[in-house]
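*Asks:* In the working numbering, the protein residues as written are 66 to 649. C-beta: ideal position from N, C-alpha, C; glycine also.
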RNA sequence: GCACUCGUAGCUCAAUUGGAUAGAGCAUUGGUCUACGAAACCAAAGGUUACAGGUUCGACUCCUGUCGGGUGUACCA
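1) How many angstroms separate the CA atom of residue 94 from the CA atom of residue 151?
2) With respect to the beta strand (DSSP E) encompassing residue 125, which residues constitute its N-terminal and C-terminal limits?
3) Between which two residues does the beta strand (DSSP E) carrying residue 627 extend?
4) In the DSSP assignment, the beta strand (DSSP E) including residue 106 goes from what residue to what residue?
5) Where are the alpha helix (DSSP H) runs, 4 residues long or more, that stay fully inside the stretch 187–260, in chain order?
6) Taking Cβ to Cβ, would you say residue 622 is nearer than 8 Å to residue 558?
7) So, helix, strand or coil for residue 643, using DSSP?
8) Whole angstroms is fine: what's the gap from residue 402's alpha carbon to residue 181's?
9) Along the chain, which unbroken stretches of the alpha helix (DSSP H) at least 4 residues long are found entirely within the stretch 520–559?
10) Who pairs with residue 445 in a beta bridge, going by DSSP?
11) Compare the Cα-Cα distances from residue 108 to each of 73, 290, 410 and report the closest residue.
12) Here's the rule I'm using: 16 or more other beta-carbon atoms within 10 Å means buried, otherwise exposed. How should residue 505 be labelled?
13) For residue 174, does the three-state DSSP call read helix, strand or coil?
14) Which one of 502, 154, 478 has the shortest CA to CA distance from residue 491?
15) Along the chain, where does the alpha helix (DSSP H) containing residue 94 start, and where does it finish?
16) Could you tell me which residues DSSP puts in a beta bridge with residue 436?
17) Using the Cβ count rule (16 or more neighbours within 10 Å means buried), how would you classify residue 530?
18) By the three-class DSSP mapping on this structure, what secondary structure does residue 149 have?
19) Whole-angstrom Cβ separation of residue 407 and residue 208, contact assumed at under 8 Å?
20) List the whole-angstrom C-beta distance separating residue 572 from residue 602, where the pair is believed to meet the contact cut-off of C-beta under 8 Å.
21) Helix, strand or coil: which one does DSSP assign to residue 377?
22) Using 8 Å for Cβ pairs, my map puts residue 308 next to residue 191. What's the rounded Cβ distance?
23) Residue 394 and residue 374: beta carbons closer than 8 Å?
24) Could you check if residue 481 is buried or exposed, using at least 16 other CB atoms within 10 Å of its CB as the buried criterion?
25) Confirm, please, whether the CB-CB distance from residue 630 to residue 569 is below 8 Å.
26) Residue range of the beta strand (DSSP E) that residue 595 falls in?
27) Just to confirm, is the Cβ distance from residue 655 to residue 500 under 8 Å?
28) Between the C-alpha atoms of residue 464 and residue 329, what's the straight-line distance to the nearest angstrom?
29) Let me make sure I understand the geometry here. Which of 173, 205, 595, 457 has the alpha-carbon closest to that of residue 218?
30) So, at 6 Å on beta carbons, what are the nonlocal neighbours of residue 679 in its own chain, with the 5 sequence-adjacent residues on each side left out?
31) Contact between the stretch 88–107 and the stretch 142–150 is defined here as three or more beta-carbon pairs at a separation below 8 Å; is this criterion met?
32) Please name the residue, chosen from 288, 78, 254, 376, that lies closest to residue 234 on a Cα-to-Cα basis.
33) Excluding sequence positions up to five away, which residues of its chain have a Cβ less than 7 Å from the Cβ of residue 120?
34) Let me know if residue 188 comes out buried or exposed under the rule of 16 or more other beta-carbons within 10 Å of its beta-carbon.
35) Over what stretch of residues does the beta strand (DSSP E) that includes residue 354 continue unbroken?
36) Using three-state DSSP, classify residue 359 as helix, strand or coil.
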């Protein structure tokens with residue numbers, strides 16, 4: 066079966082479409098108030114209007130014609146023409162049963178997709194260390210990739226693309242700096258080791274700013290790099306290797322699924338750029354303006370009210386990121402076979418991508434593919450300005466994650482002093498990293514958010530630790546069950562008597578539609594919201610319904626509910642790239 | 001100036017993209033541990049959804065205008 070809400074939607078829509086004589090949507094939504102059932106049909110009123118009918122009478126016809134008796138109690142017509150649906154308890158238990166057996170997918174059906182989905186995210190500048198500015202793109206893109214991949218059940222259909230900065234002046238500068246300060250490494254790039262990449266970059270930059278001769282040398286090295294001078298390329302590759310080493314540490318700590326096979330940096334496209342210009346010119350889209358090669362499209366204006374161009378080649382002949390992005394679109398559509406390309410970058414680049422998409426489409430490079438920009442807001446400090454260190458520098462991700470772990474360690478040590486040091490360390494790692502990621506993901510994408518240690522590690526409210534705690538408590542029940550000789554049988558009959566049991570069951574069966582909503586709307590906070598609700602509903606259940614002390618068959622039934630709750634929490638968190646621990 | 005974006009409880013944010021009585025978490029106030037883990041639960045209180053119009057059966061959501069914040073706006077990415 067497809068996701069619950071989608072099943073209801075398609076069944077009711079079909080009946081409504083028959084009555085309407087055209088394709089209409091039932092607009093099935095989750096009810097906000099249990100008084101109105103579990104799901105409600107909202108589309109009746111507008112259809113009645115269109116058909117010139119009384120909405121309640123139309124609702125009546127729909128209800129008579131639409132057989133939902135396997136899933137729902139008899140439908141009720143309420144208010145001006147809502148149809149309220151309540152799930153049958155025996156249907157619920159059947160779904161839960163199925164999900165428990167299905168340890169791989171928890172009853173979530175595969176949704177096949179045509180073509181590939183390309184997700185462009187993270188994209189750090191490899192000349193420097195990753196800083197807090199890379200955090201959001203990296204983890205949001207990772208979550209979207211995970212969800213899309215899981216839903217279509219085919220890892221070949223989701224292609225992660227790490228569009229790293231690995232080309233241009235900054236690398237000419239690093240190569241120049243190595244030639245000057247480390248002749249040994251220049252002679253044999255394999256011995257190059259950069260322990261502190263950030264400091265290394267800073268030193269080079271300082272020299273660049275202060276010494277005119279060195280600056281010219283940097284320009285020269287950049288040209289040599291672009292001309293593929295062998296020795297220069299060798300050092301450049303060595304620098305990238307060192308830089309990747311730094312990146313990998315961060316990706317590993319963040320549990321982000323990115324590796325070298327996903328890396329398609331700017332340099333990948335450098336040979337295609339002249340073709341991009343040539344093809345645009347052939348299509349008659351290029352206009353020269355102030356010596357630069359430009360694409361002018363309607364609807365874009367400068368501050369002075371003049372037409373705003375997408376510049377694809379500078380007056381000095383150099384290419385820009387717009388050119389590279391256009392080349393990447395071509396590659397992704399024609400070579401990777403993308404039917405959907407998702408760009409996860411901050412909202413300040415919105416105009417840029419609008420213009421690039423517009424241009425690529427006019428040039429005929431997009432084919433059937435849908436290009437989507439997922440813009441997100443900035444990470445701010447407590448002063449509501451971009452998050453920086455006290456000295457005004459960007460915060461390195463390695464330092465940020467260190468602090469997350471040490472703060473979490475302090476909390477763990479306070480809450481559970483009896484745990485041994487190693488266990489505390491591990492809990493602190495999982496909780497600390499989880500807290501950082503969750504705080505980011507649970508915010509609506511588009512708004513800026515203030516980075517606050519106190520809030521994300523408060524371990525209260527809508528935070529990762531709250532869910533990790535819920536998970537740990539379920540696991541604790543299973544540990545205890547084991548010592549009492551109770552076995553957990555997947556096939557145990559589930560009966561839903563208490564309100565808390567029913568409420569828990571109803572949220573558990575919504576997991577599939579939640580993931581589906583995330584993949585459609587590309588908003589991870591839909592999933593965090595769901596998990597928070599699930600953990601909350603479990604906590605209520607945990608308090609209201611004793612599990613191990615209950616008589617059979619209630620005990621087994623509740624154990625089964627616990628099993629599925631734990632699996633769903635763990636799975637949902639894994640979609641967010643957040644780990645769980647058995648105890649905390 | 002123009003474009004984009006946001007404005008919701010004291011604070012931080014939701015509201016399934018036009019549905020019924022706008023929901024959570026912090027903070028505040030009260031109640032639950034001799035209990036399967038209190039990093040928890042239960043309850044109370046908190047609102048003219050920035051403002052003014054409009055569209056319709058129905059508006060936080062769409063349209064127009066006003067006010068306020070953020071971002072972008074020709075050779076950086």
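*Replies:* Walking through what the data contain:
1) Taking the first chain and counting its residues from 1, the one referred to as residue 94 is at position 29. Taking the first chain and counting its residues from 1, the one referred to as residue 151 is at position 86. One C-alpha to the other measures close to 12 Å.
2) Position 60 of the first chain holds residue 125. Taken as a continuous stretch (DSSP letters only), residue 125 belongs to no beta strand (DSSP E), being part of the alpha helix (DSSP H) at 120–130.
3) For this step, residue 627 is matched to residue 562 along the first chain. Per DSSP, residue 627 belongs to no beta strand (DSSP E); it is in the alpha helix (DSSP H), 619–640.
4) By one-based count along the first chain, residue 106 stands at place 41. Here the beta strand (DSSP E) through residue 106 covers 104–106.
5) 200–217, 234–246, 248–252
6) Position 557 of the first chain, counted from the first residue, corresponds to residue 622. Position 493 of the first chain, counted from the first residue, corresponds to residue 558. A contact, by the Cβ cut-off of 8 Å.
7) The sequence position of residue 643 within the first chain is 578, counting from 1. Residue 643 falls in the coil class under three-state DSSP.
8) To locate residue 402, count along the first chain from 1; it is residue 337. To locate residue 181, count along the first chain from 1; it is residue 116. Roughly 6 Å separates the two Cα atoms.
9) With a minimum length of 4 residues, the unbroken runs of alpha helix (DSSP H) contained wholly in the stretch 520–559 fall at 529–548.
10) The sequence position of residue 445 within the first chain is 380, counting from 1. Beta-bridge pairing links residue 445 to 451, 515.
11) Along the first chain, one-based indexing puts residue 108 at 43. When each option's Cα is compared against that of residue 108, the closest is 73.
12) Position 440 of the first chain holds residue 505. Residue 505 is buried by the Cβ-count criterion.
13) As a first step, residue 174 must be located in the first chain, where it is residue number 109. In this structure, residue 174 counts as coil in the three-state DSSP scheme.
14) Here residue 491 is taken as the residue at index 426 of the first chain, counted from 1. Closest option to residue 491, Cα to Cα, is 478.
15) Translated into the one-based positions of the first chain, residue 94 becomes position 29. Premise fails: residue 94 lies in the beta strand (DSSP E), 93–95, not in any alpha helix (DSSP H).
16) In the first chain, counting from the first residue as 1, residue 436 sits at position 371. According to DSSP, which records beta bridges pairwise, residue 436 is partnered with 406.
17) If you number the first chain from 1, residue 530 lands on position 465. Residue 530 should be labelled buried.
18) To locate residue 149, count along the first chain from 1; it is residue 84. DSSP, read as helix, strand or coil, puts residue 149 in strand.
19) Translated into the one-based positions of the first chain, residue 407 becomes position 342. Translated into the one-based positions of the first chain, residue 208 becomes position 143. Going by Cβ atoms, the distance from residue 407 to residue 208 rounds to 12 Å, so no, they are not a contact pair.
20) Mapped onto the first chain, residue 572 falls at position 507. Mapped onto the first chain, residue 602 falls at position 537. That belief holds up - the Cβ atoms of residue 572 and residue 602 are roughly 5 Å apart, short of 8 Å.
21) Your numbering for residue 377 matches position 312 in the first chain. Residue state, collapsed to three classes: strand.
22) Taking the first residue of the first chain as 1, we reach residue 308 at position 243. Taking the first residue of the first chain as 1, we reach residue 191 at position 126. Right, the Cβ-Cβ distance comes to about 4 Å (below 8 Å), so this counts as a contact.
23) Counted from its first residue, the first chain places residue 394 at position 329. Counted from its first residue, the first chain places residue 374 at position 309. Their beta carbons are not under 8 Å apart, which means residue 394 does not touch residue 374 by this criterion.
24) For this step, residue 481 is matched to residue 416 along the first chain. With fewer than 16 other Cβ atoms within 10 Å, it is exposed.
25) Residue 569 sits at position 504 when you count from the first residue of the first chain. Residue 630 sits at position 565 when you count from the first residue of the first chain. Yes; because the gap between Cβ atoms is below 8 Å, this pair is in contact.
26) Counted from its first residue, the first chain places residue 595 at position 530. Annotation for residue 595: no beta strand (DSSP E) segment contains it, though the alpha helix (DSSP H) segment containing it runs 590–609.
27) Residue 655 falls outside the range modelled here, since the chain spans only 66 to 649, and no answer is possible.
28) Looking up residue 464 in the first chain gives position 399. Looking up residue 329 in the first chain gives position 264. If you take the alpha carbons of residue 464 and residue 329, they lie about 27 Å apart.
29) On the first chain, residue 218 is found 153 positions in, with the first residue counted as 1. Comparing Cα positions, the closest option is 173.
30) Shown here, the chain extends from 66 to 649; a query on residue 679 therefore has no answer.
31) yes
32) Sequence index remark: in the first chain, residue 234 carries index 169 (1-based). Of the listed residues, the one whose Cα sits closest to residue 234 is 288.
33) On the first chain, residue 120 is found 55 positions in, with the first residue counted as 1. Taken in chain order, the residues that qualify are 109, 110, 113, 145, 146.
34) Walking along the first chain from the start, residue 188 turns up at place 123. By the Cβ neighbour-count rule, residue 188 is buried, with 16 or more other Cβ atoms within 10 Å of its own.
35) Locating residue 354 in the first chain gives position 289, where the first residue counts as 1. In this chain, the beta strand (DSSP E) harbouring residue 354 covers 351–354.
36) In the first chain, counting from the first residue as 1, residue 359 sits at position 294. DSSP places residue 359 in strand when its eight states are reduced to three.
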